[in-house]
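S.K.: Quick note, the sequence shown lines up with residues 41 to 147 if you use my numbering.
No residue lacks a Cβ here, since even glycine has one placed at the ideal position from N, Cα and C.
Fair warning: this is a prediction, and the values are worked out from it, not measured in the lab.
Starting off with a structure, shown below.
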Amino acid sequence: MHAENSTRSGIPSTVSKSADAWFTPGRFAALLAILVFIFFPDVVLGTRTFVFRDYGLYGYPVAFYHRESFWRGEVPLWNPLSACGIPFLAEWSTLVLYPVSFFYLLS
41 MHAENSTRSG
51 IPSTVSKSAD
61 AWFTPGRFAA
71 LLAILVFIFF
81 PDVVLGTRTF
91 VFRDYGLYGY
101 PVAFYHRESF
111 WRGEVPLWNP
121 LSACGIPFLA
131 EWSTLVLYPV
141 SFFYLLS
C-alpha cells in the first residue's frame, strides 16, 4: 500500500479530495435552502407561519390591550379582560417593559 495515495481511514486521497471539492459550504447552503423550501413552502413564501397557532391567539390580544392602555395614558398594571383579571405589568410575556415594544406602541 502506497502512503502517498491513501489516508488514515483507508480511503484513497483522490476520492477524498474530489468529495471535498464538491461538498463546499455554498453547495451545502443551497441544498439546505432547497430542502427547507420543499418541506415548508408556505412558510418560505409567507402564507403561513409556525408560531401563529400558539402565540397569535395569545399575543395579539395582549398587544392590543397594551397599545390601548398606552394611548389612554394608563400604566397597564392589571388586565381585567382576562379571566377575572390577571397581573399585566408583572407578566414577562406581555413585553410591557421591553424597549423595542415602544415602536409598536407608536405605530
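Starting from the N-terminal side, write out each stretch of the beta strand (DSSP E) that is 3 residues or longer and does not extend beyond the stretch 70 to 105.
M.R.: Correct list: empty.
S.K.: Buried or exposed: where does residue 201 fall if 16 or more other Cβ atoms within 10 Å of its Cβ makes it buried?
M.R.: Residue numbering for the chain in the displayed model covers 41 to 147; residue 201 lies beyond these limits and cannot be assessed.
S.K.: DSSP beta-bridge partners for residue 127?
M.R.: Paired residues: 118.
S.K.: Classify residue 116 as buried or exposed, calling it buried when 16 or more other Cβ atoms lie within 10 Å of its own Cβ.
M.R.: Buried, by the Cβ-count rule.
S.K.: Out of 112, 111, 106, 143, which has the shortest C-alpha to C-alpha gap to residue 130?
M.R.: Nearest C-alpha to residue 130: 106.
S.K.: Is any non-hydrogen atom of the ligand HEM found closer than 7 Å to the C-beta of residue 142, if you look at the structure I gave you?
M.R.: In the structure on display, the ligand HEM does not appear, and there are no ligands present to speak of.
S.K.: Find out if the Cβ-Cβ distance for the pair residue 128, residue 134 is shorter than 8 Å.
M.R.: Result yes, Cβ atoms of residue 128 and residue 134 sit closer than 8 Å.
S.K.: Output needed for residue 98: all residues of its chain with C-beta closer than 6 Å, excluding positions within five of it in sequence on either side, in chain order.
M.R.: Nothing listed; no residue qualifies.
S.K.: Compare the C-alpha of residue 125 against each of 81, 147, 102 and name the closest.
M.R.: When only C-alpha atoms are compared, the closest one is 102.
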